[in-house]
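S.K.: Protein chains in written order, with the numbering used here: chain A, 29 to 262; chain B, 29 to 262.
1) Would you verify that the beta carbon of residue 72(B) is, or is not, closer than 9 Å to some beta carbon of chain A?
2) Taking only beta-carbon atoms, is residue 138(B) less than 9 Å away from chain A?
3) What's the call for residue 42(B), buried or exposed, on a 16-neighbour Cβ count within 10 Å?
4) May I ask you to report which of helix, strand or coil DSSP gives residue 144(B)?
5) Roughly how many angstroms separate the alpha carbons of residue 203(A) and residue 91(B), rounded to a whole number?
6) Looking at the structure shown, is residue 170(B) part of a helix, part of a strand, or coil, going by DSSP?
7) According to a CB-to-CB cut-off of less than 8 Å, which residues of the stretch 40 to 72 of chain B neighbour chain A?
8) Are the CB atoms of residue 99(A) and residue 133(A) within a distance shorter than 9 Å?
9) Quick check on the DSSP output: what are the complete alpha helix (DSSP H) runs of length 4 or more inside the stretch 75 to 152 of chain A, in order along the chain?
10) Is the Cβ of residue 31(A) closer than 9 Å to any Cβ of chain B?
11) Using a Cβ-Cβ cut-off of less than 8 Å, list which residues of the stretch 164 to 197 of chain A approach chain B; keep chain order.
12) For residue 249(A), go through chain B and note every residue whose CB falls closer than 7 Å to its CB, in chain order.
13) On the criterion of 16 or more Cβ atoms from any shown chain inside 10 Å, does residue 155(B) qualify as buried, or is it exposed?
14) Determine the DSSP secondary structure at residue 179(A), reduced to helix, strand or coil.
15) If you measure beta-carbon to beta-carbon, which residues of the stretch 110 to 144 of chain A are closer than 7 Å to chain B?
16) Note down the Cα distance separating residue 258(A) from residue 70(B), rounded to an integer number of angstroms.
17) Determine the closest residue to residue 194(A) out of 55(A), 163(A) and 37(A), with distance taken between C-alpha atoms.
18) Flag residue 81(A) as yes if its beta-carbon sits less than 9 Å from any beta-carbon of chain B, otherwise no.
19) Of all the CB atoms in chain B, is at least one closer than 9 Å to the CB of residue 88(A)?
20) Starting from residue 210(A), find everything on chain E with Cβ-Cβ shorter than 7 Å and list it in chain order.
21) Please name the residue, chosen from 103(A), 238(A), 208(A) and 87(A), that lies closest to residue 168(A) on a Cα-to-Cα basis.
22) Mind checking who residue 242(A) pairs with in its DSSP beta bridge?
23) State the beta-bridge partners of residue 43(A) as determined by DSSP.
24) My guess is that residue 233(B) and residue 196(B) are in contact by the Cβ rule of under 8 Å, so how many angstroms apart are they, rounded?
25) For residue 11(B), go through chain A and note every residue whose CB falls closer than 8 Å to its CB, in chain order.
26) Residue 268(B) by DSSP, collapsed to three states: which one?
27) In whole angstroms, what separates the C-alpha of residue 180(A) from that of residue 67(B)?
28) From residue 159(A) to residue 30(A), what distance separates their C-alpha atoms?
29) List the endpoints of the continuous beta strand (DSSP E) containing residue 191(B).
30) Among 246(A), 52(A) and 185(A), which one has its Cα closest to the Cα of residue 34(A)?
31) Listed in chain order, which residues of the stretch 212 to 228 of chain B have Cβ atoms closer than 7 Å to some Cβ of chain A?
32) Please tell me whether residue 241(B) and residue 221(B) are closer than 9 Å, where the distance is taken between their beta carbons.
33) Please report how far the alpha carbon of residue 40(B) lies from the alpha carbon of residue 198(B), in whole angstroms.
34) Residues of chain A with a CB under 8 Å from the CB of residue 199(B): which are they?
35) Checking contacts by CB at 9 Å: is residue 105(A) closer than that to chain B?
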């Protein structure tokens, strides 16, 4: 059955890139790219990613299997506008997705059809619509939220995300763009509960896959001294 | 050989408690405690923790072994002033530490000697001094940074931390007190590199132990298209 999934490489302190590029100079020289390069290095070292880009070499290891599995599981993608803007030119005529991509944007635009199975459809009526359009063409594979972080949060906030995989890279960045930031619209003493369904550990990255169980109130308990959890009074 | 270690239960988005209690009403009714209770529930369910508190029951499982190991490994503790203030009364005459505790504070105070091996010594000349005093009495066991989060960051920032274990609880809190927050004093394009040395996964919590390797510059790479990493130009 089709699931809506997202996966993101993050630092141990939860950043998927350095601080947002302010447009001054080249992105490649920015602190944003420096953080992004660090947390995604395990991907570019993986044979499965290199092969998809047409590069030789790379590691054929557990990390590469995680990448290969991600590519294979996605029947369609949903993508944020900023990620698309950054990728449109460098991805070229044969983008790595090889599946339909639905770009959430405010600017109407005709669909783009690329070689290798990738198309870009621009969706102007919101994230839920983009997810539905992706689901309609994903077959029995998954709808993968490609990113960026803002779109992942929108999908999570809207209750549309079934699975979130964090590739936790052993580095502390201290500052930058957080994947799970404050705009999740959680109420007072409310949380989003997850269940880890798979953990793969490697010296370069710890892959933690979570099933998203949904919103739940935060309860107090008796700190072990007696019976079960006690509900808070408000 | 004595290591300086810290361990903390955190949410998937990096919080060890809800938003800091503002003093209005009771702490137990606050959002801070609601978050704290959620991320530490696995501890209070663990037989090793309950046994140390004098409570019956609990789970005798991998999580309990992690707790037992933490107690056994600590020859002395370093603690923040706010954590001590919150614990002094509830810990009572037989606090759970059973080892010397060095409290980092600005307020001089005579040492307290409690039953069961716990003492509290108040250190007014800084975190490095507290770590050294703890090291001097830890024997061949570790100096454990008991918390809170602010003290863990101070020890990490000062380059004094050898090992950091994060007990990552599968919940998104959205807001609260972050363990790895922005006051780590990292330079532009600088990070703290870690190496995961042990990962234990359980449905309730993923335990990731990191060796702290220290500060390092963030480097760009060629994104897989050719040779090795390329240094940034600044």
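Here a beta-carbon is modelled for each residue, glycine too, at the ideal position from N, C-alpha and C.
M.R.: Reading off the structure:
1) At a cut-off of 9 Å between beta-carbon atoms, residue 72(B) makes contact with chain A.
2) Taking CB atoms only, residue 138(B) has no neighbour in chain A less than 9 Å away.
3) Using a 10 angstroms sphere on the CB of residue 42(B), the tally of other CB atoms reaches 16 or more, which defines it as buried.
4) Here DSSP, grouped into helix, strand and coil, assigns residue 144(B) to helix.
5) Each residue's Cα considered, the two are about 31 Å apart.
6) Strand, per DSSP.
7) Residues are counted here when their Cβ sits less than 8 Å from a Cβ of chain A; for the stretch 40 to 72 of chain B these are 40, 41, 42, 46, 56, 57, 59, 61, 62, 63, 65, 66, 69 and 72, given in chain order.
8) Judged by their CB atoms, residue 133(A) and residue 99(A) are not nearer to each other than the 9 Å cut-off.
9) Runs found: 75 to 81, 90 to 101 and 109 to 119.
10) Taking Cβ atoms only, chain B never reaches closer than 9 Å to residue 31(A), which makes this a no.
11) Close to chain B, meaning a Cβ-Cβ distance shorter than 8 Å, are the following residues of the stretch 164 to 197 of chain A: 184, 194 and 196.
12) Ordered by position in chain B, the residues that pass the 7 Å Cβ test against residue 249(A) are 65, 69 and 72.
13) It counts as buried.
14) Secondary structure of residue 179(A) (DSSP, three-state): helix.
15) When CB distances to chain B are screened at a threshold of 7 Å, not a single residue of the stretch 110 to 144 of chain A falls below it.
16) Legend: pLDDT at residue 258(A) = 43, less than 50; position of this residue unreliable, value from coordinates given subsequently. CA-to-CA, the gap between residue 258(A) and residue 70(B) works out to about 15 Å.
17) The option with the nearest alpha carbon to residue 194(A) is 37(A).
18) Any Cβ of chain B closer than 9 Å to the Cβ of residue 81(A) would place that residue at the interface, and such an atom is present.
19) Under the 9 Å criterion on CB atoms, residue 88(A) is classed as non-interfacial with respect to chain B.
20) As a matter of chain content, chain E is missing from the structure shown, whose protein chains are A and B.
21) Selected option, being the one with the closest Cα: 103(A).
22) Per the DSSP secondary-structure output, residue 242(A) pairs in a beta bridge with 221(A).
23) Residue 43(A) pairs with 206(A).
24) About 7 Å separates the two Cβ atoms, so the contact holds.
25) Nothing about residue 11(B) can be read from this structure; chain B reaches only from 29 to 262.
26) Residue 268(B) is absent from the model: chain B starts at 29 and stops at 262.
27) One C-alpha to the other measures close to 23 Å.
28) Distance between the alpha carbons of residue 159(A) and residue 30(A) is about 11 Å.
29) Segment 191 to 197, the beta strand (DSSP E) holding residue 191(B).
30) Closest option to residue 34(A), judged by alpha-carbon separation, among 246(A), 52(A) and 185(A): 185(A).
31) If the cut-off is 7 Å between Cβ atoms, the stretch 212 to 228 of chain B has 212, 214, 216, 217, 219, 220, 221, 222, 223, 224 and 227 near chain A.
32) Yes. Within cutoff.
33) In a straight line, the C-alpha of residue 40(B) is about 6 Å away from that of residue 198(B).
34) The answer, in chain order, is 219, 220, 221 and 222.
35) Judged by the 9 Å Cβ criterion, residue 105(A) is not in contact with chain B.
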